[in-house]
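Undergrad:
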Amino acid sequence: MNSTARTFQLRELVARFGGELRGPGEVRIRQVAPLDAAGPEEIAYLARSAFRKAAAGTGAGALIVAERDADRFDRPRIVVADPHAYFIKVAALLNPAPEPQAGVHPMAWVHPQAQVAPSAEVAAFVSIGAGAWIGEGVRLGPGCRIGAHARIGEHSRLHANVTIYDHCIVGRRAVMNAGCVIGSDGFGGALENGRWLKMPHIGRVVIGDDVEIGANTTIDRGAMADTVIEDGVKMDNLIQIGHNCRIGAHTTIAACAGIAGSAHIGSGCMIGGASRIVGHVHIADGVHVSPATVVTRGIEAPGRYTGIYPFSEHREWLRGAVQLRRLSETGEAAKERSRPRPKAKGTR
Amino acid sequence: MNSTARTFQLRELVARFGGELRGPGEVRIRQVAPLDAAGPEEIAYLARSAFRKAAAGTGAGALIVAERDADRFDRPRIVVADPHAYFIKVAALLNPAPEPQAGVHPMAWVHPQAQVAPSAEVAAFVSIGAGAWIGEGVRLGPGCRIGAHARIGEHSRLHANVTIYDHCIVGRRAVMNAGCVIGSDGFGGALENGRWLKMPHIGRVVIGDDVEIGANTTIDRGAMADTVIEDGVKMDNLIQIGHNCRIGAHTTIAACAGIAGSAHIGSGCMIGGASRIVGHVHIADGVHVSPATVVTRGIEAPGRYTGIYPFSEHREWLRGAVQLRRLSETGEAAKERSRPRPKAKGTR
Amino acid sequence: MNSTARTFQLRELVARFGGELRGPGEVRIRQVAPLDAAGPEEIAYLARSAFRKAAAGTGAGALIVAERDADRFDRPRIVVADPHAYFIKVAALLNPAPEPQAGVHPMAWVHPQAQVAPSAEVAAFVSIGAGAWIGEGVRLGPGCRIGAHARIGEHSRLHANVTIYDHCIVGRRAVMNAGCVIGSDGFGGALENGRWLKMPHIGRVVIGDDVEIGANTTIDRGAMADTVIEDGVKMDNLIQIGHNCRIGAHTTIAACAGIAGSAHIGSGCMIGGASRIVGHVHIADGVHVSPATVVTRGIEAPGRYTGIYPFSEHREWLRGAVQLRRLSETGEAAKERSRPRPKAKGTR
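Residue numbers (our numbering), protein chains in the order written: chain A, 92 to 439; chain B, 92 to 439; chain C, 92 to 439.
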């Protein structure tokens, strides 16, 4: 769809990213493509043996393959340890993020006490509050809302309609997709006589470097201390992060996950889509939570954790659900039996 | 709440939509209403026998009923095969979407290289990027963001603050509710030494004709190929569609559902609210997924599929959950027993 | 992080909120803080005995404690029945919401037939439709979209990019977080010959007083009657409320919950995060739904209800899931056995 501006020879790719060249190094690559759609100026990759047939029939001008496939195809190719990772690096080289167009759009609004770096791009209808700071090379898409005293680190890119509440901090090189909300009030308070007392949230959200946030994801500010997202965290769309959470470095969170207030997630975790983690728990480094799993207590050891009700044809599910209900009655019956019975009076 | 501009006689409704008139055809209808609230200028419908009592006592000026109820009430009525569908057509006739007010609001921003059809309505604070194309009769609500080279088909309506990323395509007669995001980056990449390599997403989102998208729903663009939403798909609010998904024609998806990357859903499916479909699977045409069900593998046959943990009073649930845990231990014990045992040394 | 403008003496707090003062009443408090971070001008609270150790070592200038801890510490303190609730009141006193800066920003757009009270604050890029009404002391953050004939009650605060559709009503003192959408079309319609007929939604959303709505939460308008949110309801982020729902007074709903169309929830309920309630059911007052629980039928009695698949280490889960599948087969086998068997022909 996009046609890239620059082409690269295979030998240039190898010079940048390593790997072993097989075939002519002067082959020019303009774009990346999947095996089944690639043309002569495109490069594809083969990561799993399941795709060998597709690789044999591909029209790609070159391939990226693993050692075990080094001599399986005679097409110009680069042999590497991890073809998928290598392919992504080539894709990023061929499709660089556009440079910011420095300057503030005449239809944007910047508070006189805000600071915007000269190389930053501020699109139409952006608003920037008092005391906010926008770093060099930042791109703010149309309709972004930067609250008072918020800070956006160098070279971060905010797509359209992103909201950063007052005092929140975004690190360098962030990518924030449209509609995400950083720093909304947390759901903190207490019931008094059946009425909700709202806790004013005076903490911030503090986001490290190289963080990516998905579209319409929401991250609440801390009640008193901060909500913290460490370096390199990647979050997908429609995720909820509660107040005072801490998400460890380089953890990935897939779409629709929800993490309740004051949960602390370790680094290098993989949190599956639509999974839920309750509040006030600690999850160790390197934990992998399966999709749609509900984590109801802390996890101390790395590993993979799962809790999914197996789906089936509807009537079969109905039968299983009935049996599961019986189990809880059985448990009750067993518990009843194990209790000391009161002696019957007057009989015998 | 709304008072409609025009009234219709029963005979005019029958002339337009069919059905058999019983009673005076000159009765005038101004609005639709439920049985229990309808007045003399309003029409109500009776779809299920459970509502016969309400129908007997209704103040509605006219009724839409099924054949089996044709002579049950003496109120002016239209007898049809499907009263609910008929009622919706009457409601749509009485409550037409407002016509676009042609023109670009002086507080909107349109790139000089964008094309906006003369009959399109562009509200305040809309931004339209370079090379974008807006068709005849389109309505863009305030704060919509139309990316560079995006296309919005004729007579589509985008409510407030909708974001369409660069290069994405929306078909004709779409209805897109506030805050939905089309074309955000997919969650694609790979881990290399514990660090996330982000795949630049160069695919688009391509949306067919007559599609409806709910508020704050997000649809990711494809990594290399496109994410495709076929004609007539209806999506509710807060839904996530991952990169490279394909949603078949006339499939409906209820709120809070999540469909992970590269899943292909057939046509005419009904995907329940808060259900989850994992990535890279194929779901056949005509599949009905129950609410909150997690689909962890492909489905080849039409039918209804379910996986919901039955809820109950909390203590009862606790007992069932304990029994369910024992089941997994039992399974383990059985597996252990079926293993060949090493001979005990030195004994006997 | 925030430094508050005013300080209060302990005796002033007691005069306002009650409680019993122990120690010098002239101690000045500038801010609230957690026990482990509080300094000499800050007040902390002790709600649970688990935190007694932290309270003993705190640097807080004063404490709020329960009766049972009245004499456990010699630090200046206020003894109260509910330290958490008391602490929140002090926090709210020290951190008042900022006063609206009266007036309409020159980069906002207000329809000439809309009414905006003189004391209301309308930020940049807000749009307000024909016939809309904005009450005294309202604050509309940047990018809010107020539809035609919508009403925003006195002293309500809408954060950035909130959308209120035409004709919807928001009560007094609401807090609406960024990106929430009120009044989108409900997912109502019917299939006719495999095609979706869309029901035009002519009902409204009507929101009572003192309601709080989280970021990116969506509430659909009614099909014919209204969707109703009663006084004092508190909703977290990314919640979906379907068309024609009614949420009873002072009910709290945690993040990512979804309530399907026409469900009626009682007052004083607690609806857990990521829980789901199906449509057309009635939930009694005082019901507590656990997180991630799927409520598939109405609930008549107050109490706590749960349905969560217990998570475990992945392989253990796999064994349990296999056993659960067998249960449904067992159920089937039992059902088969209980059927009258056809006589075998020709044998015996």
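Using N, Cα and C, we set each Cβ at its ideal position, and we do this for glycine too. Quantities reported herein were computed from a predicted structural model and do not represent experimental measurements.
Under 6 angstroms Cβ to Cβ from B/I362, same chain only, skipping five residues before and after it: list those, please.
TA: Locating residue 362 of chain B in the second sequence gives position 271, counting from the first residue. So the qualifying residues of the chain are I344, A348, V380.
Undergrad: Would you check if the stretch 309 to 324 of chain B and the stretch 294 to 301 of chain B touch, i.e. whether three or more CB-CB distances between them fall below 8 angstroms?
TA: yes
Undergrad: Mind pulling the chain B residues with CB within less than 7 angstroms of A/M198?
TA: The count along the first sequence starts at 1 and reaches residue 198 of chain A at position 107. Ordered by position in chain B, the residues that pass the 7 angstroms Cβ test against A/M198 are W200.
Undergrad: Compute the distance between the beta-carbons of C/R168 and C/L154, then report whether it is under 9 angstroms.
TA: Along the third sequence, one-based indexing puts residue 168 of chain C at 77. Along the third sequence, one-based indexing puts residue 154 of chain C at 63. In this structure, C/L154 lies closer than 9 angstroms to C/R168 by Cβ.
Undergrad: B/A157 CB to nearest chain C CB: under 9 angstroms?
TA: As a position in the second sequence, residue 157 of chain B is number 66, starting the count at 1. Chain C, which has no Cβ nearer than 9 angstroms to the Cβ of B/A157, makes this no.
Undergrad: Using three-state DSSP, classify B/L137 as helix, strand or coil.
TA: Within the second sequence, residue 137 of chain B is the residue found at index 46, counting from 1. Of the three classes helix, strand and coil, the one that applies to B/L137 here is coil, per DSSP.
Undergrad: Label A/D165 either buried or exposed according to how many other C-beta atoms from any shown protein chain fall within 10 Å of its C-beta, with 16 as the threshold for buried.
TA: Looking up residue 165 of chain A in the first sequence gives position 74. The residue in question, A/D165, is exposed, as its Cβ has fewer than 16 Cβ neighbours within 10 Å.
Undergrad: Run through DSSP, which three-state label would A/D160 get?
TA: Locating residue 160 of chain A in the first sequence gives position 69, counting from the first residue. Correct three-state label for A/D160: helix.
Undergrad: For chain C, find out if any of its Cβ atoms is closer than 9 angstroms to the Cβ of B/G359; answer yes or no.
TA: Numbered from its first residue, the second sequence carries residue 359 of chain B at position 268. Yes - at least one Cβ of chain C is within 9 angstroms of the one on B/G359.
Undergrad: Throw me the rounded Cβ distance for the C/P382 and A/R337 pair, which I believe falls under 8 angstroms.
TA: The count along the third sequence starts at 1 and reaches residue 382 of chain C at position 291. The count along the first sequence starts at 1 and reaches residue 337 of chain A at position 246. Not a contact, Cβ separation roughly 20 angstroms.
Undergrad: What does the alpha-carbon distance come out to for the pair C/P233 and B/G222?
TA: On the third sequence, residue 233 of chain C is found 142 positions in, with the first residue counted as 1. On the second sequence, residue 222 of chain B is found 131 positions in, with the first residue counted as 1. Roughly 28 angstroms between the two C-alpha positions.
Undergrad: State buried or exposed for A/E111, treating a residue as buried only when at least 16 other CB atoms are found within 10 Å of its CB.
TA: Indexing the first sequence from 1 puts residue 111 of chain A at position 20. That one is exposed.
Undergrad: So which residues on chain B does C/D376 lean against when the C-beta distance must stay under 7 angstroms?
TA: The count along the third sequence starts at 1 and reaches residue 376 of chain C at position 285. What C/D376 touches in chain B: nothing, since even the nearest Cβ is about 16 angstroms away.
Undergrad: Tell me the DSSP secondary structure of B/T98 in three-state form.
TA: Here residue 98 of chain B refers to the residue found at position 7 when the second sequence is read from its first residue. If DSSP states are grouped into helix, strand and coil, B/T98 belongs with coil.
Undergrad: Are three or more beta carbon pairs between the stretch 226 to 240 of chain A and the stretch 173 to 181 of chain A nearer than 8 angstroms?
TA: no
Undergrad: On the three-state DSSP scale, how would you describe C/S403?
TA: Residue mapping note: residue 403 of chain C aligns to position 312 of the third sequence, counting from 1. In the three-state reduction of the DSSP assignment, C/S403 falls in the strand class, which pools E and B.
Undergrad: May I ask which residues mark the beginning and end of the beta strand (DSSP E) holding B/V272?
TA: On the second sequence, residue 272 of chain B is found 181 positions in, with the first residue counted as 1. Unbroken beta strand (DSSP E) run through B/V272: 272 to 275.
Undergrad: Tell me which same chain residues have a C-beta within less than 7 angstroms of the C-beta of B/A392, skipping the five on either side of it?
TA: For the purposes of this step, residue 392 of chain B is identified with residue 301 of the second sequence, where counting begins at 1. Within the same chain, B/A392 has close Cβ partners A375.
Undergrad: For B/G244 and C/E404, I'd like the C-alpha separation in whole angstroms.
TA: Here residue 244 of chain B corresponds to residue number 153 of the second sequence, with the count starting at 1. Here residue 404 of chain C corresponds to residue number 313 of the third sequence, with the count starting at 1. Going from the Cα of B/G244 to the Cα of C/E404 covers about 49 angstroms.
Undergrad: Which residues, taken in chain order from the stretch 167 to 199 of chain B, show a beta carbon closer than 7 angstroms to some beta carbon of chain C?
TA: Those residues of the stretch 167 to 199 of chain B that come within reach of chain C (Cβ to Cβ, closer than 7 angstroms) are D173, H175, A176, I179, K180, A182, A183, N186, M198.
Undergrad: Does any residue of chain B bring its CB to less than 9 angstroms from the CB of A/A306?
TA: Mapped onto the first sequence, residue 306 of chain A falls at position 215. So, interface residue.
Undergrad: Closer than 7 angstroms, Cβ to any Cβ of chain B: which residues of the stretch 383 to 399 of chain C, in chain order?
TA: T384, V385, V386, T387, G394, R395, Y396, T397, G398, I399
Undergrad: Output needed in chain order: residues of the stretch 325 to 349 of chain C with a Cβ under 8 angstroms from some Cβ in chain B.
TA: L329, Q331, G333, C347, G349
Undergrad: Measuring CA to CA, which of B/S275, B/R410, B/G270, B/S247 is closest to B/H258?
TA: Locating residue 258 of chain B in the second sequence gives position 167, where the first residue counts as 1. With distances taken between Cα atoms, B/H258 lies closest to B/S275.
Undergrad: Output, in chain order, the set of chain B residues within a Cβ distance shorter than 7 angstroms of C/I225.
TA: Taking the third sequence and counting its residues from 1, one reaches residue 225 of chain C at position 134. None at all; the shortest Cβ gap to chain B is about 16 angstroms.
Undergrad: At a Cβ threshold of 9 angstroms, is C/N252 touching chain B?
TA: What you label residue 252 of chain C is simply residue 161 of the third sequence in a count that begins at 1. So, interface residue.
Undergrad: Is DSSP giving C/R143 helix, strand or coil here?
TA: The count along the third sequence starts at 1 and reaches residue 143 of chain C at position 52. It is helical.
Undergrad: At least one CB of chain C closer than 9 angstroms to the CB of B/F108: is that the case?
TA: Counting from 1 along the second sequence, the entry for residue 108 of chain B is found at position 17. So, not an interface residue.
Undergrad: Under 9 angstroms between C-beta atoms, does B/E132 make it to chain C?
TA: Your numbering for residue 132 of chain B matches position 41 in the second sequence. Cβ-Cβ to chain C under 9 angstroms: no for B/E132.
Undergrad: By the 9 angstroms beta-carbon criterion, what residues does the stretch 287 to 299 of chain B contribute toward chain A?
TA: Within the stretch 287 to 299 of chain B, the residues whose Cβ lies closer than 9 angstroms to some Cβ of chain A are W287, L288, K289, M290, P291, H292, I293, G294, R295, listed in chain order.
Undergrad: Quick one: is C/Q204 buried, meaning 16 or more other Cβ sit within 10 Å of its Cβ, or exposed?
TA: As a first step, residue 204 of chain C is located in the third sequence; it is residue number 113 there, counting from the start. The residue is exposed, with fewer than 16 neighbouring Cβ atoms inside 10 Å.
Undergrad: Please determine, among A/R143, A/H196, A/I330, A/A161, the residue with the shortest C-alpha to C-alpha distance to B/F278.
TA: For the purposes of this step, residue 278 of chain B is taken as residue 187 along the second sequence, with counting starting at 1. The shortest C-alpha separation from B/F278 is found at A/I330.
Undergrad: Taking Cβ to Cβ, would you say B/H196 is nearer than 9 angstroms to C/Y256?
TA: Sequence index remark: in the second sequence, residue 196 of chain B carries index 105 (1-based). Sequence index remark: in the third sequence, residue 256 of chain C carries index 165 (1-based). No, these two residues do not count as a Cβ contact at 9 angstroms.
Undergrad: Starting from the N-terminal side, write out each stretch of the alpha helix (DSSP H) that is 4 residues or longer and does not extend beyond the stretch 257 to 329 of chain C.
TA: none
Undergrad: Run through the DSSP bridge pairs and tell me what B/T397 is partnered with.
TA: By one-based count along the second sequence, residue 397 of chain B stands at place 306. The partner list for B/T397 (beta bridge, DSSP) reads A/S403.
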